[in-house]
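Scroll down for the structure; my scribbles are underneath it.
In UniProt numbering, the protein residues as written are 1 to 295.
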């Protein structure tokens with residue numbers, strides 16, 4: 001097994017880790033050099049300036065995320081689900097054969113409508129390694145949340161939910177924006193729970209979202225509690241669509257504050273949570289590299 005430079009190259013950020021053959025992370029680096037900041041043709045030079053010192057002879061580099069999109073370094077075609085470590089390793093897009101490769105994203109077709117992910121698949125595979133799981137459901141909350149089903153260590157299905165983006169749109173550009181505070185007050189756990197509960201019981205977001213305004217109008221929620229309430233409504237709506245069963249367990253991955261909110265919301269459904277941090281990306285890329293070496 002070779003020393004690995006693991007890179008997560010997203011839309012707005014670039015981070016990497018130097019990983020020993022035994023999986024030990026030797027060093028990490030982060031840069032504000034997402035793909036949108038890199039002019040066409042300059043990906044090699046940006047990579048060299050950020051990680052060139054790590055690329056000693058015999059070192060392998062695997063890059064996940066939006067570097068493999070049409071706007072990235074080189075397009076890496078999506079790998080169709082169901083897919084596991086071996087499928088991903090077999091479809092790497094080699095920038096420099098045997099030295100630098102881009103990990104493909106995943107695609108799935110549900111009822112004739114495609115869905116895609118790029119970067120999250122590496123986090124999922126890393127979580128399987130970290131938690132020792134073969135079968136599980138995972139949620140990766142964020143601007144576009146991903147719900148993922150894994151069976152026999154293969155991603156069999158997933159779906160995308162625009163929860164974070166819709167929150168931002170309602171927060172900034174809807175009639176609700178006139179009621180909500182301009183700044184970001186401290187989270188209100190009680191208001192968040194109230195929003196989750198109303199979403200779970202209500203007929204749907206097109207109806208329940210307006211309650212953010214009316215609860216303020218009738219002074220049943222203070223202004224500073226409204227963002228937490230709206231967040232609860234949206235996350236509750238997302239959870240309601242997942243047909244979760246009481247007693248089920250879900251793996252939640254992402255930023256600590258956001259995963260804590262999902263854990264709080266899932267508790268209303270009697271669903272337990274295992275949380276995984278940012279290290280899952282490095283573990284996933286290491287696992288893909290090891291599969292490639294074995295192959």
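Ideal Cβ positions, reconstructed from N, Cα and C, are used throughout, including at glycine.
DSSP state of residue i mapped onto helix, strand, coil
{"i": "residue 79", "result": "strand"}
{"i": "residue 294", "result": "The pLDDT assigned to residue 294 is 46, lower than 50, so where the model puts this residue is not dependable, and the model offers no usable value."}
{"i": "residue 29", "result": "strand"}
{"i": "residue 165", "result": "helix"}
{"i": "residue 121", "result": "helix"}
{"i": "residue 48", "result": "helix"}
{"i": "residue 38", "result": "coil"}
{"i": "residue 246", "result": "coil"}
{"i": "residue 178", "result": "helix"}
{"i": "residue 271", "result": "coil"}
Identity of the residues DSSP links to residue i by a beta bridge
{"i": "residue 253", "result": "276"}
{"i": "residue 288", "result": "None; residue 288 has no bridge partner."}
{"i": "residue 114", "result": "109"}
{"i": "residue 146", "result": "140, 160"}
{"i": "residue 64", "result": "8"}
{"i": "residue 17", "result": "6, 28"}
{"i": "residue 101", "result": "62, 94"}
{"i": "residue 235", "result": "Paired residues: none, contrary to the question."}
{"i": "residue 201", "result": "The partner list for residue 201 (beta bridge, DSSP) is empty, contrary to what the question assumes."}
Assigned exposure category for residue i - 16 Cβ within 10 Å defines buried
{"i": "residue 238", "result": "buried"}
{"i": "residue 173", "result": "exposed"}
{"i": "residue 280", "result": "buried"}
{"i": "residue 121", "result": "buried"}
Residue i and residue j closer than 8 Å at C-beta
{"i": "residue 142", "j": "residue 66", "result": "no"}
{"i": "residue 101", "j": "residue 131", "result": "no"}
Residue i versus residue j: straight-line alpha-carbon distance, rounded
{"i": "residue 21", "j": "residue 13", "result": "26 Å"}
{"i": "residue 221", "j": "residue 213", "result": "10 Å"}
{"i": "residue 282", "j": "residue 216", "result": "45 Å"}
{"i": "residue 175", "j": "residue 184", "result": "18 Å"}
{"i": "residue 137", "j": "residue 224", "result": "34 Å"}
{"i": "residue 289", "j": "residue 190", "result": "45 Å"}
Closer than 7 Å: residue i CB and nearest the ligand FAD heavy atom
{"i": "residue 4", "result": "This structure simply doesn't include the ligand FAD, nor any ligand for that matter."}
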